[in-house]
Structures are given as C-alpha cells and as structure tokens.
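Student: Numbering (the numbering used here), first residue to last: 278 to 1001. Take a look at the following structure, please.
Encoded structure:
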C-alpha cells in the first residue's frame, strides 16, 4: 500500500479525542489500534543528547560521542565533515532507539544567524553568514537522515524559524520579544539557512520560534508556516513549535483572548505538532466552538504520521529494519571518537602567531605550565545541548601526553573575581619552558536564556593573562574557549603573548586536539565563522535592533561582516596556518549570460535598476565555474580553506561582500593542487531589494579569494525586448 494511503487509513480510524492527543510531543498510546505512545522530543545538536525527554543515558548506553559545539565545527568550513558527523550521530541515535533509550525525531540543528555577538546561543549555530549556515544545515541534515530515498534514518529539524537570536538581554526575553524585521532582511539573511535546509537538505521538520516577528507569533503565522515553509519551499515533513510556544503566545504574548482561539490559530497557520500540552488540552474544544475544522487536525496528523512511517515506526520489529542491527557496540566506537577528535582539530583557529611562537618544540619546551580556569576543563568543552560524553581529554591531559606539565588554575573559575591564585601561576610561568593559558567562557557566562553583557574576558582574566605573559620565561600561548567572540585586543597587541588559539567548545577530545595543534602534529586550518568585534561595538547597540544594514543617519553600525564596516579585533574568515598558501585563479569566465523566462507577461517589470528578478530567470544549473590553483609555499603540509566572496555591482540593497562558495584542499609542502568551484548565479550572486524581492544585478561582480580578484560580467540574454 502506498505510504499516503497508509497514513490516510490510520487517520480515518482515529476518534477526535485520540487525534488531539497525538498533536503533542508526548503523544499518547492508542491501545485499541496497537499504537504505542511516542516522545517526539530528542536533541542531537552535536551528538545524541538527553536535553529532551526522548533520550536517556544509563544501562547499556552510559554515554555517546560528544562532538565539538557547532560554532567550532563550522570553523572547519568542511561540508563533508559536517555530513560525516551527522552519520555518526544518527548511527548512535538509532542504536539507542533500538535499545529503548532514544527516539527517532531529533530537533537539531539550530541554524539561526549569529547576528549579535552577545547571544548566549550563538555557540549552537554555524555562525553569522547565511550561506555558511545553510550549507551546514543541508550537510548535517543529510548525514542525520541518510540517503535511502523516502526512508529516514532519523528525522532532523531546522530551528528556530525565524529571526530568533535573542534570549534574555537587558530585561527583554525571548518570550516577550517582538522582532521588527524588514522584508529585505528576512529574505536575504534570516530565512536563507532555513530555505537551504528544506530545499537542499530535504529536512523532515522545521521548528517555529518563541518570538513574534512584526507583531505575529511565528507559530501562529500562516504566512511563515503554511505559505513559506510548506507552500514555497515544499517542506516534506512536519512543523513543530518550540517548547510551550503555543502556551507562550496565549499566556505571555496575549495574542488571542481564549486558549481555543490560540490552538485554532496555530493549527490553521500550519503547525502540526506542539512541544507542550496546549494543543491536546484545547484543540477538541476549538473544534466544538467551530474555530477549527477536524480536517485541519487531520492535515496536521498526516504530516507527523508520514514522518513516523518514513522512519519505519509502523513496520513491525525494528531488528529486521535497515538500521535494526545497531546496538551498544556501535556507540562510542574508536572510529566515532576519532572523528570527534578530528572535528576538534579542524575547528581550531590560529588567531595570532608572532614569529614562530607555535608550534612548540618537544626538544626546547619540555616543561609547560598550564594555567587558567579552563585548563583542566571537561564538561565545559562540550558546550550546551550536549549529552553524556564517552570520556574526556582535558587541555591539561592533552598537553601532558606530550610533555611534563605544571598546573595552576590562576582563577578559581571563569568569573575570575579575585587574584588569590595569581601569584602561584605567575611563579610557575617563571620556571617553565613555555606557558599555555586556557581562558575564556563557559555556560555560566553564555547559554540558553543567558546573553552576555559585553565582549571582554570575564572578571580579572585579562589581568592574569597580562601578568603571566610578562613573567613567563618561555613563549606564552593564549587558548580561548568560547562560543561567542571575545575582545582580546590587549593580547593581540601584546608582544609577550606569542600566539592565540580559539578552540570554541571543542568537544570530548578537545584537550587532545589543542595539544596536537600546540605541538604541530596538526597544522591548524580553521577560519572564524563570525566577526570578532571590539567591546565598543556593543557599548551603545541594542540587541533588540534587528536591522542588518548600517544607517549613518541613526548612527547604526550594521551587523556581521556583510554590513558592518567598522574596526574589528579579528574579521570573519580569519585564521592562520603553520605554512603559507598562495592562490591563483587559472580559469574563470569573463561573461555569463542570464537567460530569461520568455513567457513573462508584459507589464511585469523584470529588469529594474539593471537587476533581474530571480523568478524571471532560468536558473536551473546556471553557474560561474572557477578553477583555483593553491600552492603551499611553506615547509609543512596543511589544509587550506578557500573562501570565495563576491562584491556585487554597486547598489542600495547589496551587502558590501558576500560569501558565495568555500572549499577545503589538502596540499603537501612545496606542492600545489587545483580546485574546481561552482557558484550558483541565482542563489549566490543575487541580492534582495527593499521589498524583499531577490534579483540578479546585471554588470560586474567582483570575485575575491584572499588577495586574488576576478571580475565577471553578468548580462541578460533578452534585455532588448524587456520593458521595465
């Protein structure tokens, strides 16, 4: 029987009372049909997690592989790595499901834009760039969901739709926040990762967010859910609320006067599943009050039940299913844990390396003092939305696997409120051959419902770093653990601090990866997925101001590298290596013709200000192909990240530059590799006008790869016959 017939047959057998109890995450059993209860809420942001009630550790599953936090993995700019992590996470999730310890519906990844550097959940995201975030979403989702056609290994979920990037700042929290967002910013920034997640990743679910957007709660907005996600983007899956969102828009935002109206609004807007009890409590009465038709509930159930059938949940014994043999032996395997270590290595960013402070030498740096509140970190390394790790290698342990270590905390914790432990740390630095300070943040400073107030190191950390560096006998290396950017201008400009590494929250094997980079076993190749701003940037900037573009008349600086032009500590895409790479563009077109759809109605202004509406162009596989030569001119093998930016023809709408493609290439010392890069014209060389319409600017687009530039002219095929 076709799946659609199976779904409709099941819905047809249910009573209204049974139906409403399936509209929530804790879906009730239906014993008369042999249907068990199901908990929809599980999390797998960077490993199977017990944050949601659907997954539990213990017994045969004491832990699962805990990969680096997403912001760290994003710094690898390695799409195949993201997919590989997704495959391992879903292997372990399926194994736990088979053992009765987990669900099959995972509300990950978080693909919101890291718009403001203070956001406590920025660590969960792939950074500030929409193309990077969308590419991450598509590849991680493919890894989670598998590639078996309509069948799902697990069902992923891109969240939180949309314009959600404030948790609790200055008295404004996410439950009360009305994000005022322009159509332009929605289309060219906030919605991009979600669109790519649905269209390129074929994700099985999208989660709507707590906040309102332009006065309407996202989970009650038919324009966002029914018209955009399901209508325009063609989501094949279900739409779920963030937990208790429907209750929040009734009780907290007072969007409706009765709970029945709230339930009706949510379901009619396109919500299929409520994380929380609200829809089970009020949907039946909404039908009785004729605010909602039973067919609306049926439509929601069709979407959720279809996903459960694609997962094989109604196919009998799991042991005979494609992933039925996975079990405890497939969790925390050596190869899975090795991938967690490799992901951490690839995500580490070398921010500064004065002279050749790094790598350290096993011969010259035999005793290393390891200082700082994160120096022996374990749980802090896995960030938030984590599970129970297989085991940990702290920075102290990692360095100790190479050389003799002396350990001094320096600060009792990241808050670093006093200098009681300073003198012992300073004395140790005077004795050792090298000093490594592991400083930064943890979940007490940045987390869900905890946005930062500023960008400096907390408490007296900066003072400790400077005093230790001044006293240190050997080279001083500053290692920063954090999700968000930190203003470390003092360290960048201090000649006594030889090198700075940003390691994000590097996961269970973080300490081993840090040591591998410090001693040159790994040549760092990570690049910052977000701008590192100076503290001054946020001193007079409301986190609640959602505008992306700068505005001189209101003294507004703009946000992210695409629109902010002021001073930075370190720019988006920054990251050094222990070797040197030189690029050349060996082949690229000078002209590309954009073919137009010949059946446009006259009166439709296709070309406006020399920009073609994307939906009037024949996009298909229209792309700009580049051949890039990468030469490693140094003495160490290394992996190079190619970041391709485009500067569109001058116009009011355009970002000053935009990431349009990226690639990784491993190049042996004193050799070279050629890399092919394809830039989809309609997706990535387009800009969005003030009305939220995506257009392809005609004229010269300047392509930048590092210091190398190439200009390509886009021309409309039938411009002569189009009337504007």
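Where a beta carbon is used, it is the ideal one built from N, C-alpha and C, also for glycine. These numbers were taken from a predicted model, which means no experiment stands behind them.
With a floor of 4 residues, list each alpha helix (DSSP H) that falls wholly inside the segment 564–594, ordered by position along the chain.
Tutor: Segments of the alpha helix (DSSP H) lying fully in the segment 564–594: 571–587.
Student: Quick check: what's the CA-CA separation for residue 620 versus residue 359?
Tutor: If I take the Cα positions, the gap works out to 9 Å.
Student: Assuming residue 545 and residue 569 form a contact by the criterion Cβ under 8 Å, report the distance between their Cβ atoms to the nearest whole angstrom.
Tutor: Residue 545 to residue 569, Cβ: 7 Å. Contact.
Student: Can you give me the Cβ contacts of residue 281 inside the same chain, cut-off strictly under 6 Å, excluding the 5 residues immediately before and after it?
Tutor: Result list for residue 281: empty, nothing under 6 Å.
Student: I want to know whether the segment 401–415 touches the segment 381–390 - three or more CB-CB distances under 8 Å.
Tutor: Touching, per the Cβ criterion.
Student: What beta strand (DSSP E) runs, 3 residues minimum, are completely inside the segment 758–823?
Tutor: You should have 774–781.
Student: Could you tell me if residue 681 is buried or exposed, where buried requires 16 or more neighbouring beta carbons within 10 angstroms of its beta carbon?
Tutor: Exposed, by the Cβ-count rule.
Student: Tell me which residues share the same chain as residue 872 and place their Cβ nearer than 6 Å to its Cβ, disregarding the 5 neighbours each side in the sequence.
Tutor: Excluding residues within five positions, the ones whose Cβ falls inside 6 Å are 895 and 994.
Student: If you draw a straight line from the alpha carbon of residue 292 to that of residue 902, how long is it in whole angstroms?
Tutor: Roughly 57 Å between the two C-alpha positions.
Student: Residues in the same chain with beta-carbon distance under 7 Å from residue 768, minus the five sequence neighbours each way, listed in chain order, please.
Tutor: Excluding sequence neighbours, residue 768 sits near 742, 755, 774 and 777.
Student: So who's on the other strand from residue 446, going by DSSP bridges?
Tutor: DSSP output for residue 446 lists 449 as bridge partner(s).
Student: How would you label residue 912, buried or exposed, when you count the other beta carbons within 10 angstroms and need 16 or more for buried?
Tutor: Exposed: under 16 other Cβ atoms inside 10 Å.
Student: I need the DSSP call for residue 852, collapsed to helix, strand or coil.
Tutor: Coil at residue 852, not helix or strand.
Student: What ranges does the alpha helix (DSSP H) occupy inside the segment 948–1001, keeping only unbroken runs of at least 4 residues that lie completely in it?
Tutor: Entirely contained in the segment 948–1001, the alpha helix (DSSP H) runs reaching 4 residues are, in chain order, 958–961.
Student: Rounded to whole angstroms, how far is the Cβ of residue 601 from the Cβ of residue 375, which I believe are closer than 8 Å?
Tutor: Right, their Cβ atoms sit about 6 Å apart.
Student: Going by alpha carbons, who is nearest to residue 677 out of 802, 804 and 653?
Tutor: When each option's Cα is compared against that of residue 677, the closest is 653.
Student: Output the boundary residues of the alpha helix (DSSP H) element that contains residue 726.
Tutor: Neither: residue 726 is in no alpha helix (DSSP H) and is coded neither H nor E.
Student: In the DSSP assignment, what residue or residues form a beta bridge with residue 424?
Tutor: Paired residue(s): none; residue 424 is not in a bridge.
Student: Under a three-way DSSP split, which group does residue 457 fall into?
Tutor: Residue 457 falls in the coil class under three-state DSSP.
Student: Nearest-angstrom Cα distance between residue 548 and residue 565?
Tutor: So the alpha carbons of these two residues sit roughly 19 Å apart.
Student: Report the three-state DSSP secondary structure of residue 390 (helix, strand or coil).
Tutor: Reduced to three states, the DSSP call for residue 390 is coil.
Student: Secondary structure at residue 825, three-state DSSP: helix, strand or coil?
Tutor: It is coil, neither helix nor strand.
Student: Report all residues from its chain with a CB closer than 8 Å to the CB of residue 418; omit the five preceding and five following residues, and keep chain order.
Tutor: Excluding positions up to five away in sequence, the list reads 363, 386, 433, 435, 474, 478, 479 and 480.
Student: Using the rule of at least 16 other Cβ atoms within 10 Å of the residue's Cβ for burial, across every protein chain shown, is residue 880 buried or exposed?
Tutor: For residue 880, the predicted structure reports a pLDDT of 40, less than 50, and the residue's modelled location is therefore unreliable. The matter cannot be settled from this model.
Student: Look at the alpha carbon of residue 514 and the alpha carbon of residue 302, and state the distance between them as a whole number of angstroms.
Tutor: Approximately 15 Å between the Cα atoms of the pair.
Student: Could you tell me which of 723, 457 and 935 sits nearest to residue 921, measuring between CA atoms?
Tutor: Comparing Cα positions, the closest option is 935.
Student: What is the DSSP secondary structure of residue 604, counted as helix, strand or coil?
Tutor: Here residue 604 sits in coil by DSSP.
Student: Need the endpoints of the beta strand (DSSP E) that residue 941 sits in, please.
Tutor: Element bounds for residue 941: 935–944.
Student: Does the segment 458–472 come into contact with the segment 420–427, if we say contact requires no fewer than three beta-carbon pairs (one atom in each stretch) closer than 8 Å?
Tutor: Because the criterion of three Cβ pairs below 8 Å is not met, the segment 458–472 and the segment 420–427 do not touch.
Student: If you run the structure through DSSP and keep just helix, strand and coil, what is residue 530?
Tutor: Three-state DSSP puts residue 530 in coil, outside helix and strand.
Student: How would you label residue 286, buried or exposed, when you count the other beta carbons within 10 angstroms and need 16 or more for buried?
Tutor: Flag for residue 286 reads exposed.
Student: Taking the alpha-carbon of residue 863 as reference, which of 783, 888 and 950 has the nearest alpha-carbon?
Tutor: Residue 950 is the option with its Cα nearest to residue 863.
Student: When you compare only the Cα positions, how much space is there between residue 559 and residue 299?
Tutor: Rounded to the nearest angstrom, the two C-alpha atoms are 13 Å apart.
Student: By the 10 Å Cβ neighbour count, where 16 or more other Cβ atoms means buried, how is residue 867 classified, buried or exposed?
Tutor: Exposed, since its Cβ has fewer than 16 Cβ neighbours within 10 Å.
Student: Take the Cβ of residue 762 as the centre, count every other Cβ of all protein chains shown within 10 Å, and call the residue buried at 16 or more, exposed below.
Tutor: Per the 10 Å Cβ criterion, buried.
Student: Just verifying my parser: in three-state terms, what is the DSSP assignment at residue 610?
Tutor: Residue 610 falls in the coil class under three-state DSSP.
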